[in-house]
Every structure is written in structure tokens, then in C-alpha cells.
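Notes follow once the structure below has been shown.
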Amino acid sequence: MTEQSDAPAGDAMVRAEGVHKSYGLVEVLKGIDLQVRPREVFCLVGPSGSGKSTFLRCINHLEKINAGRLWVDGELVGYRQKGEKLYELRDREVAVKRRDIGMVFQRFNLFPHMTAVENVMEAPVQVKKRSKGEARDQAMALLERVGMADKARNYPSQLSGGQQQRVAIARALAMQPKLMLFDEPTSALDPELVGEVLDVMRGLAEEGMTMIVVTHEMGFAREVGDALVFMDDGVVVESGSPREVLANPRHERTKAFLSKVL
Ligand SMILES: Nc1ncnc2c1ncn2[C@@H]1O[C@H](COP(=O)(O)OP(=O)(O)OP(=O)(O)O)[C@@H](O)[C@H]1O
Ligand SMILES: [Mg+2]
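In the numbering used here, the protein residues as written are 1 to 262.
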């Protein structure tokens, strides 16, 4: 990506234009175009290997794109623009930007040697240099919000998967992100624990958090989602309102996929 950037991102929280990503000779993203608006719940669905996680990793500056343009909140991911020129950001600058984006994975990735509340306090204390007292108060409020205040002193091994995932969400929120990325946050959970995590996500959506959610939970997509994109083999096959796409998929590939997950 060496040309100048002339297209501003407008009021989009995320905007992708012709985003390509390859690993060696394997092209994983083959030109992704999409737009996520502020306060939107944007659902990303598609078969295994279609590039969903890779795309999230590009948004979060964990992967460099090979071609196209990607903006988060009006700023080019990985680059700084000065006049007509683009300069690649240094690792330190990338890390600073990444703080504004919360990420929740399929596996909860909590620090095993820290209690729930310590997990949530960690980044504000280490990265934002908050005092421990202030960080603990904020962490307790967040644990309250995800229904985990009574387990604040438990270690991850003493929590169920659904509880760990709710702590992971609180931990991401502790950095006050402007965007939350969820990569199949419920797919490692026992079925009876899925609802409690989706409820927390629904609450976040109601509070106006901008969220990109990779999920196979089509009920959630239909009820909470504002937009849905179906990806296959590194391209956006179709997109629209979740109700529309789920009820009337237009493409064979979407139909085939939905017949397996609905
Ligand atoms: N670091 C990497 N190096 C090489 N290939 C990779 C790398 N990461 C992903 N891939 C390949 O890119 C393709 C897309 O992977 P990705 O994880 O983005 O798919 P996905 O849609 O998230 O799938 P799933 O639903 O299984 O999570 C896969 O073929 C994968 O093998
Ligand atoms: Mg994935």
C-alpha cells in the first residue's frame, strides 16, 4: 500500500476497500469491501477458512494487509498520512492504536495466575498507568456489568467457560475501546452457557458499542445484528440486514452455508 490516501473514511468506524491478505502464495482475503458504522452490531459469518479471523486480525493491526485500504475510526490502519504521503507506523505506535480496539476470542485467554478482578485491572494499571485503587473500582464496576461481581476473587480455573468469557469481555472493556471485535466468542462453550455470554453482548449493543461479531449464532445475528456479511473463500458473497439475508439468501453458497447452521 504505497499510494496516497484520498478517500476519507467518512463517519464509518471501520471501512475496508479492496483489502487483500496473503500468507505466502495463499491468498486468504481477495478484496474485501465493507463498512461498519458507529454503534452498529456487524455480524460476520462464513465457513471455516473463509478468512473471518484474518480480517479481524487486520482490523486490529495484528496482520498487515497486502493491498487495498483499511480505516478504523477515520485513520488508516498501520499508516500515518502526512500530506500526500503514507508512512508506516512503528510497532510502538501500532500498539497504542490497538488499545482502542477490544478483542474477545473463542478461547478466553485470561491470565491463569490472576483472579477475575486482577485480570480486568491488569491493562489499565500496566498500560494506562492507573492507580490500583482506581483500576480496581473500575474493574469491579465492569464485573458487575457482566454479572460477575460475586466471582471477582476467583481464578479462571474456578470459573465456568461462560463465566471466563464474561470476565474476558470485562477485561476488554476496561481499556474503554471504541470498537469491540468478537471472534466466535461462544463456540467453545457448552450450549447451556452460550446464553449468558450473548446476553452480555446484547447489553453492550444496547449501550451503543460498535461491535464486529464473527458467530454461528444466527438467532443472535437476527435479533441483535444491524448488518450481516456472508464471507466465503476470502470474498464478501452477500450482505444486508440479518433478517433479509437469513430469510432470503440470494447466493447458492450462502444458502448452502445457512442450511448447515440454521
Ligand atoms: N498465519 C497464517 N499462516 C498461513 N496461513 C494462515 C495463517 N492464518 C490463517 N491462515 C489460512 O488462512 C485461511 C483463513 O483462515 P481464517 O482463520 O481467517 O479463517 P476463518 O474464517 O476464521 O475460519 P474458522 O471459521 O475456522 O475460524 C485458512 O486457509 C488458514 O489456513
Ligand atoms: Mg476463525
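Every residue gets a Cβ at the ideal spot worked out from N, C-alpha and C, and that includes glycine.
- Every unbroken stretch of the beta strand (DSSP E) spanning 3 or more residues and falling wholly within the region 157–207 is given here in chain order: 179–183.
- As far as DSSP is concerned, residue 52 takes part in no beta bridge.
- Annotation: residue 230 to residue 151 spans about 37 Å, alpha carbon to alpha carbon.
- At the C-beta level, residue 242 and residue 222 come within 8 Å of one another.
- Non-local beta-carbon contacts of residue 198 in its own chain, meaning distances under 6 Å to residues more than five positions away in sequence, involve 220 in chain order.
- Here the alpha carbons of residue 12 and residue 164 stand approximately 31 Å from one another.
- Bridge partners of residue 58 according to DSSP: none are assigned.
- Comparing C-alpha distances from residue 39 to each of 73, 57, 51, 65 shows the shortest one belongs to 73.
- Nearest C-alpha to residue 100 among 16, 85, 177: 177.
- Of the heavy atoms belonging to ligand 2, none sits nearer than 7 Å to the Cβ of residue 178.
- Between the alpha carbons of residue 209 and residue 22 lies a gap of roughly 31 Å.
- Note that the region 32–51 does not touch the region 90–106; fewer than 3 beta-carbon pairs, one per stretch, sit closer than 8 Å.
- Here the region 75–82 makes no contact with the region 141–157; the two share fewer than three CB pairs at distances below 8 Å.
- In the three-state scheme derived from DSSP, where H, G and I count as helix and E and B as strand, residue 73 is classed as coil.
- Per DSSP, reduced to three states, the secondary structure at residue 81 is strand.
- Beyond the five residues adjoining it in sequence on each side, residue 54 comes within less than 7 Å, by CB distance, of 21, 28, 29, 63 in the same chain, given in chain order.
- Closest option to residue 116, judged by alpha-carbon separation, among 134, 127, 142, 98: 142.
- In the structure shown, residue 232 falls within a strand segment according to DSSP collapsed to helix, strand and coil.
- Residues 17 of the same chain have their beta carbon placed closer than 6 Å to that of residue 69, with the five preceding and five following residues left out of the count.
- Short of 6 Å from the beta carbon of residue 170, and not among the five residues preceding or following it, lie these beta carbons of its own chain, in chain order: 120, 142, 143, 146.
- Between residue 174 and residue 123, the C-beta gap is smaller than 8 Å, which places the two residues in contact.
- Taking 7 Å as the cut-off, one finds at least one heavy atom of ligand 1 near enough to the beta carbon of residue 49.
- Annotation: the continuous alpha helix (DSSP H) that includes residue 91 extends over 91–98.
- Contact check for residue 59 and residue 181: beta-carbon distance about 6 Å, within the 8 Å limit, so the pair qualifies.
- Closest by C-alpha distance to residue 19, out of 244, 207, 56, is 56.
- When beta bridges are read from the DSSP output, residue 20 appears opposite 30, 67.
- Taking 8 Å as the cut-off, the Cβ atoms of residue 36 and residue 205 do not count as close.
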